[in-house]
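Chains as they are written, first to last, in the working numbering: chain A, 16 to 160; chain B, 4 to 99.
Quick reminder that beta carbons are idealized off the backbone N, C-alpha and C, glycines included.
Treat the numbers as computed from the prediction; the structure is a model and nothing was measured.
These notes concern the structure reproduced below.
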Amino acid sequence: MEKRRWIQPLATVQGFVANEYVAACWAVTCDLPAEGANRFVKGGHDLGAYDAIGGEHRAGSCGTAGHYTILTDENNVPYKMIEYQNLIQKDLDCTLYTDGSYTTPKDIATVKANETIYWSTKSRQNGADQIFQHYGHTSGQTNHS
Amino acid sequence: MKEPKYQTQPEFILREIGNETVLVPVGVTGELENCMISLNETYGFLWKQFQEPCTVSKAIENARDRYEDPEGLMERQIREAVEEFVKRSVLKVVEE
């Protein structure tokens with residue numbers, strides 16, 4: 016049997032409260048691991064790509080489908096972006112930008128379905144804080160949770 | 004030292020709905036009360052490993068049989084996932 020590629024285990028906890036608005040959300044995936052030019056390879060395997068400031072973007076992490084979710088309110092207006100890590104939905108320490116120069120902040124409320132977006136996150140890489148510059152597209156498919 | 008075995012708690016029922024795997028807590032109180040836990044493919048695979056008592060090493064070995072791990076993250080991520088499940092009382096230690 017051909018082996019499948021390991022991806023990071025992800026679990027989403029969805030709580031239900033009576034008479035609460037059912038939140039919609041859009042899945043977001045970082046496209047840089049697949050599309051970025053600065054590849055990094057280990058053991059003969061292409062693992063992803065570096066962004067312009069040296070952040071590693073891996074297919075098994077930010078490149079995993081639905082690794083990020085944009086939550087929308089009852090008017091289908093985005094208000095929060097979340098990165099899934101294990102069983103915990105963590106508020107993403109991120110900033111959205113208008114384009115790939117990552118210089119002009121973008122209000123998340125202006126994000127549209129099926130739009131390419133640019134955002135940065137910050138986490139530890141090799142023992143030091145690293146900013147990661149991502150780009151990807153919103154799914155446009157409304158999922159309800 | 005003998006490695007502990009873990010097993011899923013009977014209060015969490017696994018259901019495959021379409022192409023999605025979910026855990027439904029039944030009779031659970033606390034932070035997972037009235038929740039549904041959606042698992043991606045690898046988390047669903049791990050859950051099935053622990054439906055019978057199983058060590059983490061055995062789960063990792065089974066994962067290596069099924070998945071390629073070019074980034075070398077599999078073992079660490081499995082151990083972290085198990086630790087998270089145990090911390091939230093979704094997995095229990097059955098043998099030490």
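- If one requires a minimum length of 4 residues, the alpha helix (DSSP H) runs lying completely within the stretch 30-83 of chain A are 47-50, in chain order.
- Within chain A, the residues whose beta carbon sits less than 7 Å from that of B:TYR46 are PRO24, LEU25 and ALA26, listed in sequence order.
- Comparing C-alpha distances from A:ALA64 to each of A:ASP88, A:LYS95 and A:CYS45 shows the shortest one belongs to A:CYS45.
- Residues are counted here when their Cβ sits less than 9 Å from a Cβ of chain B; for the stretch 115-130 of chain A the count is zero.
- With respect to chain B, the C-beta atom of A:TRP21 has a partner C-beta closer than 8 Å.
- A:SER135 and A:ILE146 do touch by the CB rule: their CB atoms are close to 6 Å apart, below 8 Å.
- In the three-state DSSP reduction, B:ALA62 falls in the helix class (H, G or I).
- The beta carbon of B:ALA84 falls within 8 Å of a beta carbon belonging to chain A, placing the residue at that interface.
- In this structure, the straight-line span from the alpha carbon of B:LEU42 to that of B:VAL27 is close to 11 Å.
- Residues of chain B with a Cβ closer than 7 Å to the Cβ of A:LYS18 are, in chain order, ARG69, TYR70 and GLU71.
- Cβ proximity to chain B below 7 Å picks out ARG73 and GLY75 from the stretch 63-89 of chain A.
- DSSP, reduced to helix, strand and coil, places B:ASP68 within a helical segment of the structure shown.
- Under the three-state reduction of DSSP output, A:MET16 falls in the coil class, being neither helix nor strand.
- According to DSSP, A:TRP134 shares a beta bridge with A:LEU111 and A:HIS149.
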